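This report refers to the structure that appears directly beneath it.
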Amino acid sequence: MKIVLVHGAWHDGTLWQEVADPLRAAGHEVHTPTLAGNGPGDVDRMIGHAEAVQSAVDYLNQNELSDFVLLGHSYGGSIISKLAEAMPDRIRRLVYWNAFVLMDGESVESVSPPPYKDMMDGIVASGAYGPGAVKLPFPVWREAFMNDASLELAQKSYEMTTPHPLKTLTDRLELKTFYDLQIPRSYINCTEDIAMPPGDFAWVPRFPARLGLCRLVQMPGGHEVCFTNPGLLAEKIIEAARD
Amino acid sequence: MKIVLVHGAWHDGTLWQEVADPLRAAGHEVHTPTLAGNGPGDVDRMIGHAEAVQSAVDYLNQNELSDFVLLGHSYGGSIISKLAEAMPDRIRRLVYWNAFVLMDGESVESVSPPPYKDMMDGIVASGAYGPGAVKLPFPVWREAFMNDASLELAQKSYEMTTPHPLKTLTDRLELKTFYDLQIPRSYINCTEDIAMPPGDFAWVPRFPARLGLCRLVQMPGGHEVCFTNPGLLAEKIIEAARD
Amino acid sequence: MKIVLVHGAWHDGTLWQEVADPLRAAGHEVHTPTLAGNGPGDVDRMIGHAEAVQSAVDYLNQNELSDFVLLGHSYGGSIISKLAEAMPDRIRRLVYWNAFVLMDGESVESVSPPPYKDMMDGIVASGAYGPGAVKLPFPVWREAFMNDASLELAQKSYEMTTPHPLKTLTDRLELKTFYDLQIPRSYINCTEDIAMPPGDFAWVPRFPARLGLCRLVQMPGGHEVCFTNPGLLAEKIIEAARD
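Protein chains in written order, with this note's numbering: chain A, 1 to 243; chain B, 1001 to 1243; chain C, 2001 to 2243.
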């Protein structure tokens, strides 16, 4: 099976390694592109959502990929919905892992709790990470993203993540055909994921409910089980994607 | 302990076998009647809810059963509520396993998402399974009922199920005394059961909340753990029913 | 790490023993005060919430405790919020375990389902447990608090609990500064805890949502895992409290 893993905000393709390894060991072909605007080093953090999507399209074209399972994590969910519109016939199944499932006209920011907006706007305005770039304060990362981790792992993973282009989260998406597509879809939910907090903003039931007929798969853990439980995540990806 | 297991739509009594075996091995007396309108072969699929209930009453009378735990799965929940009204003194405890808990005047259809109604009406109208009979399209079975299964098991179980009499799902029930009964009750919920989809139509909290004081027992899995995890289901039935 | 465990209604400090033992074995200093109004014997059950809080303040002062993790279970949550206001600089982290997180002006009773109020008022009026005292009827304890237990353990634990001063549950709390405090906080939720029943009154998301940035930790079990799974509860307390 060919699997394309699309990372979330603050991540890049290399951070899938502990998930990709067991998937490859199980015989699957795994691709982990880094989206435009993400990754370490001298990256343009002023880009918007369309540029991020285009970078994924370019990757998929250059690698001449088709008949692949396309998984998006978190912000990556907003990317794969656009890829589904762009190349519906090449995607075998969409898998959203605690990911945003946006409607036409929405942005990641518009479906997130307002305090996140205020916090991120303030961080970008501070210029701490360069123009247009935002990184979560460590306490937020530790409590709301890595709640299932030791402090050491929370710190280590925080150091591995990189600033994210805020504009990709505030750009509103055009999604005119997505909800008419017939691509099979799955949703993986980690039952302690509070990156979207308990209540009306929670990932579940809000986002899988938008997908209609959709295979739900759950596992314990927070928003970053790619770090805290990558082996089980790999198993759940296979359950979500296997046919 | 005497346990009577009442199956759901598309099922029949024989499909409990992998659940009944460990229960019997643990020393329990297990009964698995097939409701009127269900099962393979030349069955009248035009019958309604009252006939299905009556067939269970007849079974319980012919076997002179009393002091039994009465479990209903899915559609079977609507049956056991009527049985509770018919013979409250013979039932030791009611156990609803991802089952409909109906109010007076409701039908299974009336508490299900409207797309199910449209889909089922269309299938009956097509005549594909004979007069009055409906079977789920395989993709719905695989994604929403067997989301925790391999494709092979989803296919095998699909072949084991049989067409269901739609009228039993659309008939509205008279339940005048049920909510005054003092029979102890339990609710078993499988945490990945999306046969009723995430959101307002979900099994939990909607249906256990109707039961007042009610022992909640949960386990991982989808709507058909009788096929995907029958041993654990048997354990949970004992937890739900043990006193 | 210093950990202060504040019990819930019907409990006293000695009932933490099976939880405190593994915590102490892991090297932690564990304190389990009994609140005023609780415990066996000739106790004044007419006291109110302020007296219960004061008894905890006295305990913490007499033991000269600071830099401690403060955990409250159930009713104990209403106590630790008041302690947080009284001594914010001495508390390292607040941990709510299926606990009430009250707003200014609320009582435990005011955020509980109305049938609980009627039931408890009736029990106090009956005088069965002496002036001002209430104990749950055994069927409620068994079904809604010990739903994950054997009947034997449900009975044994019921005998270990003691009548509770109702006034501590009906007194409305003044909480003027709590929601401005910056003390880190965690919420432990047992996924089968139906002491607050499924639906609008459920513990989660209602109470953790009030805490803002808050580390969520979950485990299987009902409201009394201190009896049904004390070892796992101890592990989860460490996860919730570790930094």
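By construction, the Cβ of each residue, glycine as well, lies at the ideal position given by its N, Cα and C atoms. Note that the structure is predicted; figures quoted are calculated from it, not measured.
DSSP state of residue i mapped onto helix, strand, coil
i	result
C:F2068	strand
B:V1095	strand
A:I237	helix
Host alpha helix (DSSP H) of residue i (start-end)
i	result
C:L2216	Premise fails: C:L2216 lies in the beta strand (DSSP E), 2215-2219, not in any alpha helix (DSSP H).
C:V2225	2225-2228
B:L1169	1167-1170
A:F178	No alpha helix (DSSP H) holds A:F178; DSSP gives it neither H nor E.
B:P1113	Per DSSP, B:P1113 belongs to no alpha helix (DSSP H) and is neither H nor E.
A:G206	Checking the displayed sequence, the identity of residue 206 of chain A turns out to be Arg instead of Gly. Per DSSP, A:R206 belongs to the alpha helix (DSSP H) from 206-209.
Opening and closing residue of the beta strand (DSSP E) in which residue i lies
i	result
B:R1185	1185-1190
Option nearest residue i by Cα separation, candidates the options
i	options	result
A:K2	A:V124, A:Q54, A:L65, A:E18	A:L65
A:Y75	A:R210, A:C214, A:Q218, A:W203	A:W203
B:E1051	B:L1060, B:G1037, B:N1063	B:G1037
C:H2049	C:N2063, C:V2019, C:T2168	C:T2168
B:W1010	B:P1040, B:E1018, B:A1026, B:T1032	B:P1040
C:A2195	B:Q1062, B:M1046, B:L1216	B:L1216
C:A2133	C:P2163, C:K2117, C:P2115, C:S2126	C:P2163
B:E1029	B:L1151, B:H1223, B:M1160, B:D1067	B:D1067
C:G2072	C:N2063, C:Q2062, C:L2083	C:L2083
C:N2229	C:D2243, C:P2197, C:A2026, C:T2191	C:T2191
A:I91	A:V57, A:D104, A:M103	A:V57
A:T14	A:L175, A:D104, A:E143, A:M160	A:M160
A:W16	A:E224, A:R242, A:A241	A:E224
B:S1081	B:Q1182, B:D1193, B:E1235	B:Q1182
A:M149	C:G2122, C:K2156, C:S2157, C:R2242	The question names Met, but residue 149 of chain A is Ala in the sequence shown. Of C:G2122, C:K2156, C:S2157, C:R2242, the residue nearest in Cα terms is C:R2242.
A:D42	A:L136, A:L211, A:P165	A:P165
C:S2244	C:S2126, C:R2172, C:P2184, C:P2131	Since the first residue of chain C shown is 2001 and the last is 2243, residue 2244 of chain C is not available in this structure.
B:L1175	B:F1201, B:V1101, B:I1188	B:V1101
C:T2177	C:M2087, C:F2201, C:P2114, C:E2239	C:M2087
C:I2047	C:D2193, C:P2131, C:C2214, C:P2137	C:P2131
B:A1099	B:V1124, B:P1220, B:L1211, B:Y1129	B:L1211
B:L1153	B:Y1096, B:W1097, B:G1222	B:G1222
A:D89	A:Q54, A:N63, A:Y59, A:P184	A:P184
Within-7 Å CB hit, residue i to chain F
i	result
A:L151	The structure shown has no chain F; the protein chains it does contain are A, B and C.
Note down, one range per segment and in chain order, each beta strand (DSSP E) of at least 3 residues found wholly within the stretch 2117-2158 of chain C. Counting only runs that start and end inside the stretch 2117-2158 of chain C, there is no beta strand (DSSP E) element of at least 3 residues.
Unbroken alpha helix (DSSP H) runs of length 4 or more, entirely within the stretch 5-92 of chain A: which are they? List check, alpha helix (DSSP H) in window: 17-25, 49-62, 75-86.
Looking at chain B, which residues of the stretch 2077-2091 of chain C have a Cβ within less than 8 Å of any of its Cβ atoms? The stretch 2077-2091 of chain C vs chain B, Cβ under 8 Å: nothing.
Taking beta-carbon pairs under 7 Å, can you tell me which members of the stretch 1213-1243 of chain B lie near chain A? Look at the stretch 1213-1243 of chain B: it has no residue with a C-beta under 7 Å from a C-beta of chain A.
Pull out every residue of the stretch 1176-1200 of chain B whose Cβ sits closer than 7 Å to any Cβ of chain A, in chain order. Cβ contacts with chain A come from T1191, E1192, I1194, P1197, P1198, G1199.
Output needed in chain order: residues of the stretch 1200-1211 of chain B with a Cβ under 7 Å from some Cβ in chain C. Those residues of the stretch 1200-1211 of chain B that come within reach of chain C (Cβ to Cβ, closer than 7 Å) are V1204, P1205, P1208, A1209.
Closer than 8 Å between beta carbons: that is the criterion. Which residues of the stretch 1145-1169 of chain B meet it against chain A? Answer in chain order: N1147, D1148, S1150, L1151.
Taking only beta carbons into account, state which residues of the stretch 93-119 of chain A come closer than 9 Å to chain C, listed in chain order. Residues are counted here when their Cβ sits less than 9 Å from a Cβ of chain C; for the stretch 93-119 of chain A these are P115, given in chain order.
Identify each residue in the stretch 1020-1049 of chain B for which the Cβ-Cβ distance to at least one residue of chain A is less than 7 Å, and report them in chain order. Cβ contacts with chain A: none found.
Under 9 Å, CB to CB, which of the residues in the stretch 2128-2142 of chain C have a partner in chain B? Only P2139, V2140, R2142 from the stretch 2128-2142 of chain C bring a Cβ to less than 9 Å from some Cβ of chain B.
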